[in-house]
Amino acid sequence: LRSVEIRNAHAFWADPEKPTYGWLSEARFGGGLLGALGSHNVDMVGFLTGQGVQAVEGQAWTMVPERRDAQNVSRKVTADDACSFLLTLDTGVRARIDITGGTWWDESIIRVHGSRGSVSLEASGIRLRRAGAETETLAPDPGADWTVTDPDIRKPLFHRLLDRFARRCDGETVPDLATLAEGVAVMQVLDAVRAGAAGSTWGGASSSSAD
Numbered sequence: 003l004r005s006v007e008i009r010n011a012h013a014f015w016a017d018p019e020k021p022t023y024g025w026l027s028e029a030r031f032g033g034g035l036l037g038a039l040g041s042h043n044v045d046m047v048g049f050l051t052g053q054g055v056q057a058v059e060g061q062a063w064t065m066v067p068e069r070r071d072a073q074n075v076s077r078k079v080t081a082d083d084a085c086s087f088l089l090t091l092d093t094g095v096r097a098r099i100d101i102t103g104g105t106w107w108d109e110s111i112i113r114v115h116g117s118r119g120s121v122s123l124e125a126s127g128i129r130l131r132r133a134g135a136e137t138e139t140l141a142p143d144p145g146a147d148w149t150v151t152d153p154d155i156r157k158p159l160f161h162r163l164l165d166r167f168a169r170r171c172d173g174e175t176v177p178d179l180a181t182l183a184e185g186v187a188v189m190q191v192l193d194a195v196r197a198g199a200a201g202s203t204w205g206g207a208s209s210s211s212a213d
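Start counting the sequence shown at 3; every next residue gets the next number (the numbering used here).
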């Protein structure tokens, strides 16, 4: 393993005239993309690499300072709509995560780079480039049996999560089900990014240990 990069770019907050203001725009209600999307991405890094986080460096900030609510009233945004942070993993490998919600662009990419090649998960599918070879597109996993079909991919995924959670509550041993300790570790990473944003000065972001 050499590096991991995750990039989420969304345009849902790019237009300040659209009525997009809600609880996610307010810091006091736990809003912001760092918590909404960053949490999943930090968890993804751990899932893909099997490693913990030793240090965190980065910031979260607001790109669009005001948005209109459902009554068309312009409201001040107090939560982040962008964040960028670098994770140092157990082996010293770096994982970079960039998230924006106020740019006129939509893109979601997860890339893992190793000594024998790189793999990229994109909206169009999975692409793999082995060392010294051309890039190839991988076929979908034939073992991925969806018990629920829906155009919104989040619904069948959530269905599978609830099924595994229910089975675990019944006493079964369920693989790949996140633990409370893993959830706490993710929150520690997010807190470190927030601390870096709050304590940073001109010249660079603060850094802190996830411990």
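Quick reminder that beta carbons are idealized off the backbone N, C-alpha and C, glycines included.
For residue i, three-class secondary structure by DSSP
i	result
Gly21	Going by the sequence as given, residue 21 is Pro instead of Gly. Residue state, collapsed to three classes: strand.
Gly37	helix
Gly54	coil
Ala62	strand
Gly134	coil
Ala125	coil
Glu109	strand
Gly185	helix
Ser117	coil
Exposed unless 16 or more other CB atoms sit within 10 angstroms - verdict on residue i
i	result
Asn74	exposed
Arg156	exposed
Ala152	The sequence given here has Asp at residue 152, not Ala. Result: exposed.
Glu138	exposed
Ala97	buried
Arg169	exposed
Cys85	buried
Asp71	exposed
Gly24	exposed
Glu136	exposed
Limits of the unbroken beta strand (DSSP E) element including residue i
i	result
His12	Premise fails: His12 is in no beta strand (DSSP E) and is neither H nor E.
Ala168	It is not in any beta strand (DSSP E) - Ala168 instead sits in the alpha helix (DSSP H) that spans 156–171.
Ala141	Neither: Ala141 is in no beta strand (DSSP E) and is coded neither H nor E.
Glu68	68–70
Phe87	84–91
Arg77	76–78
Given residue i as reference, the closest of the options once Cα atoms are compared
i	options	result
Trp15	Val6, Leu26, Arg9, Glu7	Leu26
Val95	Gly173, Val55, Glu184	Val55
Arg4	Arg131, Gly116, Gln190	Gly116
Beta-bridge pairing of residue i - partner residues as DSSP gives them
i	result
Val176	DSSP, once it has assigned bridges, lists no residue as partnering Val176.
Ser5	Arg96, His115
Alpha helix (DSSP H) segment containing residue i, residue limits
i	result
Val44	41–51
is_contact[residue i, chain D] using C-beta, thresh 8 Å
i	result
Glu184	Of the protein chains in this structure there is only one, and it is not chain D.
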